[in-house]
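A quick write-up on the structure given underneath.
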Amino acid sequence: MRSTLYSMTEQGVPHISHPRVLVLGVCQGKPGEPPFRIMEIDGQVIGAARHVTDVLETAASYGITIHDMDDPDLVRWVGGDKYTWTLH
């Protein structure tokens with residue numbers, strides 16, 4: 051019984067990443083301005099990103115080089131992926 055219990059608790063622990071860059075969902079811009087997404091780096095709100103290039107440039111200005119925008123260890127996209135820049 052002990053070996054069965056041991057093997058039942060020895061399950062693989064899922065990897066939970068804590069990326070330095072977090073891009074939140076799309077927000078409506080002011081009238082006449084395009085929508086934007088709030089961007090955080092290391093848990094601090096940095097500002098608004100209006101395009102994927104804003105994410106890359108802002109990350110680089112903080113010393114973060116992003117080679118793969120889909121790498122969950124580098125960037126977490128909330129409320130849409132790197133292609134989501136308009137409200138639905």
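Under this note's numbering, the letters of the sequence shown match residues 51 to 138, in that order. Here a beta-carbon is modelled for each residue, glycine too, at the ideal position from N, C-alpha and C. If you're wondering where the values come from, they're calculated on a predicted model, not measured in any experiment.
Boundaries of the beta strand (DSSP E) around V71: 71–77. DSSP places V128 outside any beta strand (DSSP E), giving it a letter other than H or E. In this structure, DSSP gives E90 an extended state, which the three-state scheme calls strand. Contact annotation: D131 and L124 have beta-carbon atoms that are not nearer than 8 Å.
Contact check for I88 against L74 passes: the beta carbons are separated by less than 8 Å. P85 is a Cβ neighbour of W135, given a cutoff of 8 Å.
Taking C-alpha positions only, K80 is separated from A98 by approximately 12 Å. In this structure, I116 sits away from T108, with a CB-CB distance that is not shorter than 8 Å.
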